[in-house]
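J.: Sharing a structure with you now.
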Amino acid sequence: MARLHLAVPVIALGLIALGCSAPTEPNGPAKTPVLVVTVDPGEVTVSPTRVATFTAQITRTDAPGAVALEVTDAPAGVTVSVGEMVTNGILTTAPITVSGDASASSGLYVLTLSATTPGAIPATGQFRVRVAPLVRVSFVGCATDAKALWFASQDGSGTVTQVNGINDVYTFAPEQDHAGFYYTTVNGSGEPTVHGVLQSRTELLAAPISMCEGNAATPASLTGTVTGLNSLEHVNVSLGGDPVRRTSDGQFQVKSGPEQVHDVVASKQGFLPSTPNRLLLRRDVPVATGDLGLLNMHTGGPETLVPQSSVVTLNETPDFLTREMKFHTGAGCHAAKLYDYTSNASHSTSKTFWGFPAAALRPTDWHVLTASGFFPRRSVTVAFQQVQPLAVSFGAVPNEPVVTRLEDEWDRLRAVVDVPADYRSRARLWYSSYLPNPRQVEIDASHAWLAANGYTLTTPDFRLAAGWNAAWEPTPGGFGLDWTLSITGEAPGGLCQAGLRSRSADWYGSIPY
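Residue numbers (numbering that gives the first Met the number 0): 0 to 512.
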């Protein structure tokens, strides 16, 4: 419990000598000193970046002695200080400053201000301090070129404010219904990218945000040898991390995810058509061995499986159709690419797809199929466990967006698009200039942040924020700015949960200088 004391002399009213315990009537008993304490305003909000001030008022009646103030009930991480008192007649005022650091737990706290003077009954007043919950954004475990070189927050549509991190963790306390953060990364070639994440306050506070989740442990690199490929075949191999592709027999290296045990997923397929003819699933491989040994993809090999096929029925026939199948395994929902296949789809809405047979599956295994059409490019993704007939629908065809360059400032873009109900989850604007030096900007916003069915995404003018470096900005030159705008709609669920239905629409363009 925090206790703060401040005692100052109080000037007595009238011709009463200092040091008397209480004034007396000429023909009566001494009067009892009375103090009345009020605090205004009744409630304030504090955070590591926001300090609040109350005004304490002590009304004195027949109280000539010194008044002492004490604040109690402040929670850990909240600091309260009482400033210098000012007396005017029977009214004494004092400022109370309240601040909270990153260790303070969010919530509403009631603090008590007590005033005492000799001979008087202590008087108290209460005030409320709300500790704003913090958005915590962590870059712990990120590679050097994925760490934030500069980080800033934005509350609502307010100014962009630089935030200094501690050990690659950045915190800020939004108060508006929507907020966001921006950060800059620079890759090994010195090319910067400015990232923006814009969400509702509720979304940002739902959980700590890890920008490189699962990367705290350095991925292991394992060596293996594949056999069983002819001149027109290739194999995709994944071990809970990025897949590796081999187009001939021989040795390969594949990186693992951060866990110590993984499933090896391999898919062999031809080039024309690109459909799998053999799958391999080796369970519970400890990555510490560093060696996967032999992956025998020959027909009839001891570990190979015949893919199980079924039919996906689409609601329309785009000019071209790309089907990509991934297989997710384990508690970490690690994705392994099985195959992708492009075909002319104009003649049929029914297409064959392939996956692992039911007998090989565990409850933590999931197939994820994405079908993508063109002109315009639209995609639909579905998650399921067993390979069985599917019926999926592309979203409605949206109108073309309007993307413009704000020519009176540095090369910021504004994108405006009407969004059908199928795509109201999030939007992403990406653009890049390549000459004289590559510069990229990507802004991701949730539907809750956009708060409308017509989306507008604009890059803020970061030049007004502390710490900004103009060298990170896209600059005029070359042929112009290449841009991509994506809108996505997602049903409840996730890539490793039943019920996922994700639809997206993408546009590409270029704005010349």
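Idealized CB from N, CA, C, for every residue including glycine.
Since we're looking at a predicted model, the values are computed, not measured.
With three or more beta-carbon pairs closer than 8 Å as the criterion, would you say the segment 218-233 touches the segment 182-194?
T.: These segments do not touch.
J.: So, helix, strand or coil for Phe53, using DSSP?
T.: As a position in the sequence shown, residue 53 is number 54, starting the count at 1. Note: Phe53 maps to strand in three-state DSSP.
J.: What's the gap between the Cα of Gly41 and the Cα of Ala51?
T.: Working through the sequence shown from its first residue, we reach residue 41 at position 42. Working through the sequence shown from its first residue, we reach residue 51 at position 52. Near 12 Å, if we compare the C-alpha coordinates of Ala51 and Gly41.
J.: Using the three-state DSSP reduction, which class does Phe461 fall into: helix, strand or coil?
T.: The count along the sequence shown starts at 1 and reaches residue 461 at position 462. Of the three classes helix, strand and coil, the one that applies to Phe461 here is helix, per DSSP.
J.: Assign Leu133 to one of three DSSP states: helix, strand, or coil.
T.: By 1-based counting over the sequence shown, the position of residue 133 is 134. It is coil, neither helix nor strand.
J.: May I have the straight-line CA-CA distance separating Gly289 from Ser247, to the nearest angstrom?
T.: Locating residue 289 in the sequence shown gives position 290, where the first residue counts as 1. Locating residue 247 in the sequence shown gives position 248, where the first residue counts as 1. Cα to Cα, the separation comes out at about 22 Å.
J.: Out of Asp262, Ser255, Phe270, state which residue places its alpha-carbon closest to the alpha-carbon of Glu232.
T.: Working through the sequence shown from its first residue, we reach residue 232 at position 233. Measuring from the Cα of Glu232, the nearest candidate turns out to be Phe270.
J.: Going by C-alpha distance, which of Ala67, Val130, Thr116, Val36 is nearest Val43?
T.: For the purposes of this step, residue 43 is taken as the residue at position 44 of the sequence shown. Comparing Cα-Cα distances from Val43 to each of Ala67, Val130, Thr116, Val36, the minimum goes to Val130.
J.: Could you check the C-alpha separation between Glu441 and His194 for me, to the nearest Å?
T.: Here residue 441 refers to the residue found at position 442 of the sequence shown. Here residue 194 refers to the residue found at position 195 of the sequence shown. Their backbone Cα atoms lie some 5 Å apart in a straight line.
J.: Identify whether Leu360 lies in helix, strand or coil by the three-state DSSP scheme.
T.: As a first step, residue 360 is located in the sequence shown; it is residue number 361 there, counting from the start. In the structure shown, Leu360 sits in coil (DSSP, three-state: anything other than H, G, I, E or B).
J.: Classify Val109: buried if its beta carbon has 16 or more other beta carbons within 10 angstroms, exposed otherwise.
T.: Numbered from 1 along the sequence shown, position 110 holds the residue referred to as residue 109. Val109 comes out exposed.
J.: What are the start and end residues of each continuous beta strand (DSSP E) run of 3 or more residues lying completely inside the segment 151-230, in chain order?
T.: Within the segment 151-230, the complete beta strand (DSSP E) runs of at least 3 residues are 159-161, 168-171, 177-185, 191-199, 220-226.
J.: Kindly identify the DSSP beta-bridge partner or partners of Met324.
T.: As a working mapping, residue 324 is identified with position 325 in the sequence shown. In DSSP, Met324 forms a bridge with Tyr338, Leu368.
J.: At the level of alpha carbons, what is the spacing between Glu472 and Pro132?
T.: The count along the sequence shown starts at 1 and reaches residue 472 at position 473. The count along the sequence shown starts at 1 and reaches residue 132 at position 133. Their backbone Cα atoms lie some 32 Å apart in a straight line.
J.: Let's test the definition: count the other Cβ atoms within 10 Å of the Cβ of Thr351 and tell me whether it reaches 16, buried, or not, exposed.
T.: Residue mapping note: residue 351 aligns to position 352 of the sequence shown, counting from 1. Its Cβ having fewer than 16 others within 10 Å, Thr351 is exposed.
J.: Please state whether the Cβ-Cβ distance between Arg361 and Ser503 is less than 8 Å.
T.: Reading the sequence shown from its first residue, position 362 is the one you call residue 361. Reading the sequence shown from its first residue, position 504 is the one you call residue 503. Contact: no.
J.: Whole angstroms are fine: how far does the CA of Tyr338 sit from the CA of Ser273?
T.: As a position in the sequence shown, residue 273 is number 274, starting the count at 1. As a position in the sequence shown, residue 338 is number 339, starting the count at 1. C-alpha separation (whole angstroms): 7 Å.
J.: At which residue ranges does the segment 241-329 contain complete alpha helix (DSSP H) runs of 4 or more residues, listed in the order of the chain?
T.: Runs of the alpha helix (DSSP H) inside the segment 241-329: none found.
J.: By the 10 Å Cβ neighbour count, where 16 or more other Cβ atoms means buried, how is Ser515 classified, buried or exposed?
T.: In the structure as shown, the chain starts at 0 and stops at 512, and residue 515 therefore has no counterpart that could be examined.
J.: Taking a contact to mean a Cβ-Cβ separation below 8 Å, would you say Val264 touches Asp283 in this structure?
T.: The sequence position of residue 264 within the sequence shown is 265, counting from 1. The sequence position of residue 283 within the sequence shown is 284, counting from 1. No.
J.: Taking only the alpha-carbon atoms, compute the straight-line gap between Ile510 and Thr341 and give it to the nearest angstrom.
T.: Residue 510 sits at position 511 when you count from the first residue of the sequence shown. Residue 341 sits at position 342 when you count from the first residue of the sequence shown. Distance between the alpha carbons of Ile510 and Thr341: 29 Å.
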